[in-house]
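Chains as they are written, first to last, in this note's numbering: chain E, 6 to 363; chain G, 6 to 363.
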DNA sequence: TCCACGAACGCAAGCGCTTGCAATCGAGAA
DNA sequence: TTCTCGATTGCAAGCGCTTGCGTTCGTGGA
């Protein structure tokens with residue numbers, strides 16, 4: 006294939022038409038007879054021709070590319086969401102440009118410069134709450150915007166009811182009979198940039214549920230750390246030195262919950278006999294460790310946000326929708342030890358009843 | 006910012022020079038005096054100008070973009086490697102275009118069409134072995150190529166000594182005293198497209214070590230399935246109905262190993278007392294479940310492959326390098342039960358000696 | 001003081017495609 | 001048969017930037 010010279014001109018020549026006709030025919034623009042359209046298509050196929058993106062972008066001003074910005078790629082949640090979004094975008098004929106904003110510095114540089122201008126038609130922003138100025142900067146660069154895990158006035162977005170989810174999670178633990186329930190949340194690190202809003206909302210829901218149940222709050226029972234296994238482990242370690250260890254813990258992310266389980270195991274505490282643990286995300290590995298968690302339709306969110314952006318790019322209004330959150334009960338939650346009736350008690354700790362998680 | 010009208014021309018006007026001088030000044034091309042260069046730079050800053058990528062691509066033929074193609078985004082390994090590669094590429098001023106080739110159909114479409122032509126200067130291909138024709142197609146599209154987890158004549162690549170790693174893994178189990186060691190490998194699914202080569206090499210290394218140790222091979226002990234928790238679980242289930250259950254299992258991927266651990270737990274078998282399990286990747290969650298595994302410097306591989314591609318793009322020769330693989334001993338490998346001396350025996354299964362993984 | 005030469009800079013021709021507008025053609029209306 | 005109008009098609013002017021080449025100007029050497 007002599008792709009070096011495969012341009013509209015060669016196709017036009019081979020099909021015996023002008024280059025404008027080729028351009029129109031190949032893009033299904035009206036004003037070309039079916040016969041010539043077919044002839045052009047054949048010529049293009051024969052030559053293995055495909056229009057130069059740079060040239061058509063320059064001429065049209067459209068890039069047929071969308072950017073996806075994520076805080077970090079190496080996390081299951083973002084990989085999953087990105088994968089789904091990417092597939093949806095590609096089906097619609099868009100390329101996907103990747104931006105990983107791992108540090109605050111990168112975030113600032115990204116929004117201050119015009120890194121998107123002329124590169125993308127729109128951008129999906131995941132898990133970070135853009136400020137008004139940042140949104141302004143994006144629209145000044147002519148970008149359509151869709152948010153995931155955040156919301157803003159007049160901007161398309163997909164999210165979940167984190168307050169409701171937090172309340173539901175806490176209620177599950179309350180209903181089991183717990184009254185000393187800790188919360189481990191995501192702390193916005195100095196070097197990181199995770200949007201602090203959803204984690205905060207989960208905390209609020211947790212507090213609401215406790216208040217409604219008449220359980221007194223306890224600041225010591227609220228711990229925050231970075232969203233990782235290590236962060237969860239660190240937060241749990243802090244909880245272990247409390248005056249009284251909680252009997253249940255709601256952790257705002259599964260990865261942190263994995264760290265929590267690890268520390269509990271090392272401390273010789275049995276889950277769920279001594280402590281119940283409830284996570285958030287329904288990470289693919291929850292099933293392996295038997296972690297009870299809050300599922301929030303992660304894959305669907307990825308498709309949603311892509312479709313919302315595509316709609317906007319086609320001139321539609323910026324839609325906003327919320328996905329469902331539901332409890333997935335596995336093996337890390339149970340009534341507190343003191344409450345169990347002999348019949349529910351699993352018997353000797355080493356028997357099959359021993360959940361053995363982690 | 007009136008970005009709508011911010012073009013070379015406006016900068017030229019403001020700086021009182023011609024557009025060619027602006028172009029040269031902003032790109033540090035020689036032939037511009039320091040004084041005017043400064044003046045142009047200031048004018049550009051004041052206007053918030055940045056050159057239209059489409060226009061400069063059309064004029065130069067370079068896109069300053071590289072493509073990354075991965076089989077699937079939602080896996081820790083690929084997320085990690087991509088994150089590192091992306092950062093390295095961005096530092097060098099390149100944009101990153103994402104291609105997820107989840108199915109065989111997508112792979113075929115990708116390589117048959119000229120999806121890269123004019124979009125990227127080069128491409129990083131992860132974990133799939135391109136055929137000669139596929140490589141030909143890429144170079145016909147003018148792409149520089151770097152491979153990760155695969156090798157090809159004259160193509161830049163980064164990989165690991167999978168045969169050696171497989172041998173090392175098997176030897177660790179042999180050295181512990183095992184003589185009935187199973188292998189669970191990655192099967193190339195119909196719908197998938199993972200390069201079959203590295204997994205195959207791990208199998209070969211395993212076989213070599215067994216042969217060297219005089220342990221007879223047993224086809225029944227070699228099982229293959231898709232590279233996922235579910236796949237590992239399925240493969241393990243097949244092993245459970247063997248005439249004699251193996252006392253140790255080398256699993257070619259950590260995610261599969263997690264599935265293996267899950268099935269073993271459900272079957273009431275203790276790890277490592279009844280069965281030892283050895284994984285591959287050093288997945289970030291290995292630490293949580295205590296999985297002994299083979300680490301192969303995943304993050305470094307990502308940086309390596311990006312740098313290799315950057316070198317090629319700068320006219321350098323296509324480098325190939327291999328990363329180290331090393332055993333990371335955790336809690337899922339131990340001598341077979343029958344061999345243990347009373348003193349090493351952890352005592353009653355429910356004591357603290359019970360590793361309790363999964 | 002005059003000339004030659006190199007450094008700075010501007011001109012203008014593209015890069016390959018899109019698209020408003022004019023030109024052409026065929027067919028139905030008069 | 002001639003005229004009019006819509007459907008096709010071609011022309012050519014960009015889109016915004018890069019770059020080979022010619023021009024201008026200042027400076028050191030003769």
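Ideal Cβ placement from N, Cα and C applies to all residues, glycine included.
Under 7 Å, Cβ to Cβ, is there at least one residue of chain E near residue 84 (chain G)? Answer yes: the Cβ-Cβ gap between residue 84 (chain G) and chain E drops below 7 Å somewhere.
Rank G:213, G:319 and G:73 by C-alpha distance to the C-alpha of residue 172 (chain G) and give the top, closest one. Taking only the C-alpha atoms, the option nearest residue 172 (chain G) is G:213.
Taking the Cβ atom as the reference point for each residue, do residue 76 (chain E) and residue 183 (chain E) lie within a distance shorter than 7 Å? The criterion of a C-beta distance shorter than 7 Å is not satisfied by residue 76 (chain E) and residue 183 (chain E).
Below 9 Å between beta carbons is the criterion; list the residues of the region 103-126 of chain G that meet it against any residue of chain E, in chain order. Listed by position along the chain: 103, 104, 105, 107, 111, 118, 119, 120, 122, 123 and 124.
Whole runs of the alpha helix (DSSP H) within the region 147-185 of chain E, excluding any shorter than 4 residues: DSSP runs (the alpha helix (DSSP H)) wholly in the region 147-185 of chain E: 167-180.
Continuous alpha helix (DSSP H) stretch holding residue 83 (chain G): start and end: Counting along the chain, the alpha helix (DSSP H) containing residue 83 (chain G) begins and ends at 81-96.
Look at residue 238 (chain E) and residue 267 (chain E) and say whether their C-beta atoms are less than 7 Å apart. Closer than 7 Å, so yes.
Note down the Cα distance separating residue 124 (chain G) from residue 54 (chain E), rounded to an integer number of angstroms. As the crow flies, the alpha-carbon of residue 124 (chain G) is around 14 Å from that of residue 54 (chain E).
Going by DSSP, name the residue or residues bridged to residue 328 (chain G). Note: residue 328 (chain G) is bridge-paired with G:165 in the DSSP secondary-structure output.
Is DSSP giving residue 53 (chain E) helix, strand or coil here? Three-state DSSP puts residue 53 (chain E) in coil, outside helix and strand.
Using the rule of at least 16 other Cβ atoms within 10 Å of the residue's Cβ for burial, across every protein chain shown, is residue 167 (chain E) buried or exposed? So residue 167 (chain E) counts as buried.
Report the residue from G:264, G:338 and G:315 whose alpha carbon sits nearest the alpha carbon of residue 298 (chain G). Comparing Cα-Cα distances from residue 298 (chain G) to each of G:264, G:338 and G:315, the minimum goes to G:338.
Quick one: is residue 114 (chain G) buried, meaning 16 or more other Cβ sit within 10 Å of its Cβ, or exposed? Residue 114 (chain G) is exposed by the Cβ-count criterion.
Boundaries (first-last residue) of the alpha helix (DSSP H) holding residue 261 (chain G): Per DSSP, residue 261 (chain G) belongs to the alpha helix (DSSP H) from 259-271.
Round the Cβ separation of residue 189 (chain E) and residue 204 (chain E) to the nearest angstrom and send it over; I've been treating them as touching at under 8 Å. Contact between residue 189 (chain E) and residue 204 (chain E) is ruled out by a C-beta separation of about 10 Å, above the 8 Å threshold.
Do we get a CB-CB distance below 7 Å when we pair residue 91 (chain G) with the residues of chain E? For residue 91 (chain G), the answer is yes, since a Cβ of chain E falls inside 7 Å of its Cβ.
Chain G contact for residue 62 (chain E) (CB, 7 Å cutoff): Residue 62 (chain E) counts as touching chain G.
Which residues, in order along the region 212-232 of chain G, keep a beta-carbon less than 7 Å from a beta-carbon of chain E? Within the region 212-232 of chain G, no residue has a Cβ that lies closer than 7 Å to any Cβ of chain E.
The beta strand (DSSP E) that contains residue 73 (chain E), what's its start and end? From DSSP, the beta strand (DSSP E) with residue 73 (chain E) extends over 70-75.
So for residue 228 (chain E), helix, strand or coil by DSSP? Note: residue 228 (chain E) maps to strand in three-state DSSP.
Closest by C-alpha distance to residue 343 (chain E), when choosing among E:92, E:136, E:156 and E:181: Of the candidates E:92, E:136, E:156 and E:181, the one whose C-alpha sits nearest the C-alpha of residue 343 (chain E) is E:181.
Run the proximity test for residue 330 (chain G): is its beta-carbon closer than 6 Å to any non-hydrogen atom belonging to the ligand GTP? The ligand GTP is not part of this structure, which contains no ligands at all.
Chain G residues whose Cβ lies nearer than 8 Å to that of residue 290 (chain E): Chain G residues near residue 290 (chain E): 234, 263 and 290.
Under 7 Å, do residue 92 (chain G) and residue 122 (chain G) count as touching if we go by C-beta distance? Going by C-beta atoms, residue 92 (chain G) is not nearer than 7 Å to residue 122 (chain G).
Would residue 96 (chain E) pass as a contact of residue 116 (chain E) if the rule is Cβ separation under 7 Å? Residue 96 (chain E) places its beta carbon 7 Å or farther from that of residue 116 (chain E).
Along the beta strand (DSSP E) that carries residue 129 (chain E), what are the first and last residues, could you check? Note, residue 129 (chain E): beta strand (DSSP E), 127-131.
So is residue 101 (chain G) in contact with chain E if we call contact Cβ pairs under 7 Å? Yes, residue 101 (chain G) counts as interfacial toward chain E.
First through last residue of the beta strand (DSSP E) which encompasses residue 368 (chain E): An answer regarding residue 368 (chain E) cannot be provided, because it is not within the stretch 6 to 363 covered by chain E.
Can you tell me the Cα-Cα spacing of residue 322 (chain G) and residue 66 (chain G), whole angstroms? Within the model, the alpha-carbon separation for residue 322 (chain G) versus residue 66 (chain G) is close to 21 Å.
Would a check of beta-carbon distances place residue 196 (chain G) closer than 7 Å to chain E? Residue placement at residue 196 (chain G) is poorly supported in this model, since its pLDDT is 43, which falls under 50; the coordinates are not used for a value here.
Under the three-state DSSP convention, the category residue 99 (chain G) falls into: When DSSP states are grouped into helix, strand and coil, residue 99 (chain G) belongs to the coil group.
Taking Cβ positions only, does residue 293 (chain G) come closer than 7 Å to chain E? Between residue 293 (chain G) and chain E, the shortest Cβ-Cβ separation is below 7 Å.
Can you name the start and end residues of the alpha helix (DSSP H) that residue 28 (chain G) belongs to? Run containing residue 28 (chain G): 24-31, per the alpha helix (DSSP H) assignment.
Could you tell me if residue 216 (chain E) is buried or exposed, where buried requires 16 or more neighbouring beta carbons within 10 angstroms of its beta carbon? Residue 216 (chain E) is exposed by the Cβ-count criterion.
Just to confirm before moving on: does the CB-CB distance between residue 100 (chain G) and residue 102 (chain E) stay below 7 Å? Yes, they are a contact pair.
So, is the C-beta of residue 301 (chain G) closer than 7 Å to a C-beta in chain E? So no, residue 301 (chain G) is outside the interface.
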